[in-house]
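Numbering (the working numbering), first residue to last: 18 to 269. C-beta: ideal position from N, C-alpha, C; glycine also. What follows is a set of notes on a single structure, which appears directly below.
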């Protein structure tokens with residue numbers, strides 16, 4: 018065991034054990050005396066060296082408590098922000114009246130988001146009671162933001178998912194030239210798209226989406242919310258299918 022690890026174990030254990038013992042003292046002075054007593058420190062150290070599992074158990078308990086706190090915070094925020102999360106004007110694919118709603122937060126420069134597009138298409142094809150809502154979360158680069166603005170401009174012309182799919186499959190540099198070429202290839206009005214992409218309306222929509230992701234504690238992309246369950250990270254269809262099945266079960 019390294020010196021650093023021994024120091025950590027002894028220090029953390031002393032804090033935990035001292036806190037427990039302090040409840041039995043009758044005064045602050047008694048507590049301070051216990052903290053400064055070399056014999057006490059040596060006793061704590063010896064105990065921890067003989068029982069290192071105490072630290073592991075304490076850390077496990079701490080992590081479990083933190084996860085419970087975060088889960089409760091997520092549930093409360095989800096309840097408060099559900100109207101924003103399920104905004105009917107937001108771009109979506111799949112069944113517009115789907116009983117199961119999946120919300121994806123993504124970035125167009127995220128490798129795992131690109132990988133997920135095939136799984137999204139499979140869900141649309143095979144899970145007929147699912148609606149997938151797309152939330153722009155451009156956090157990786159300036160070109161991520163540009164791509165998000167153009168995608169939402171494509172939404173105003175009724176071709177969001179087509180444009181979204183092309184962007185996810187695109188392997189080149191995302192700049193004005195490439196973003197406009199993809200639009201032209203899809204038959205979009207490029208000049209109108211440029212105006213819309215630069216509009217305050219679309220910039221505010223992206224700002225709202227980013228604020229929503231922060232409020233929900235989403236720190237990276239991709240992230241999926243399936244009804245009321247947060248699934249951070251890439252999920253292949255085989256796993257997502259199970260999450261969807263569980264959501265159906267909870268509704269029955």
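For residue j and residue i, the rounded distance between their alpha carbons
| i | j | result |
| --- | --- | --- |
| residue 142 | residue 64 | 60 Å |
| residue 188 | residue 242 | 27 Å |
| residue 201 | residue 88 | 44 Å |
| residue 190 | residue 86 | 41 Å |
| residue 159 | residue 78 | 41 Å |
| residue 265 | residue 186 | 31 Å |
| residue 194 | residue 177 | 18 Å |
| residue 72 | residue 81 | 14 Å |
Contacting residues, own chain, Cβ-Cβ under 7 Å from residue i (five flanking each side not counted)
| i | result |
| --- | --- |
| residue 232 | 94, 98 |
| residue 257 | 136, 140 |
| residue 127 | 157, 238, 239 |
| residue 170 | 210, 213, 214, 219 |
| residue 173 | 213 |
Under the three-state DSSP convention, the category residue i falls into
| i | result |
| --- | --- |
| residue 55 | helix |
| residue 198 | helix |
| residue 203 | coil |
| residue 121 | strand |
| residue 247 | strand |
| residue 223 | helix |
| residue 241 | strand |
| residue 93 | helix |
| residue 236 | coil |
Counterpart residues of residue i in DSSP-defined beta bridges
| i | result |
| --- | --- |
| residue 72 | Answer is none; residue 72 lacks a bridge partner. |
| residue 110 | 149 |
Close-in-space but distant-in-sequence residues of the same chain around residue i (CB under 8 Å, 5 per side omitted)
| i | result |
| --- | --- |
| residue 294 | The requested residue 294 is not part of the displayed model; the chain covers only 18 to 269. |
Nonlocal neighbours in the same chain, by C-beta distance under 6 Å from residue i, ignoring five residues either side
| i | result |
| --- | --- |
| residue 150 | 107, 109, 120 |
_Three Cβ pairs or more, each shorter than 8 Å: is that satisfied between the region 146-153 and the region 109-129?_
The answer is yes - the region 109-129 touches the region 146-153, with three or more Cβ pairs under 8 Å.
_Cβ pair count under 8 Å reaching 3, the region 151-170 against the region 218-226_ = Segments in contact, yes.
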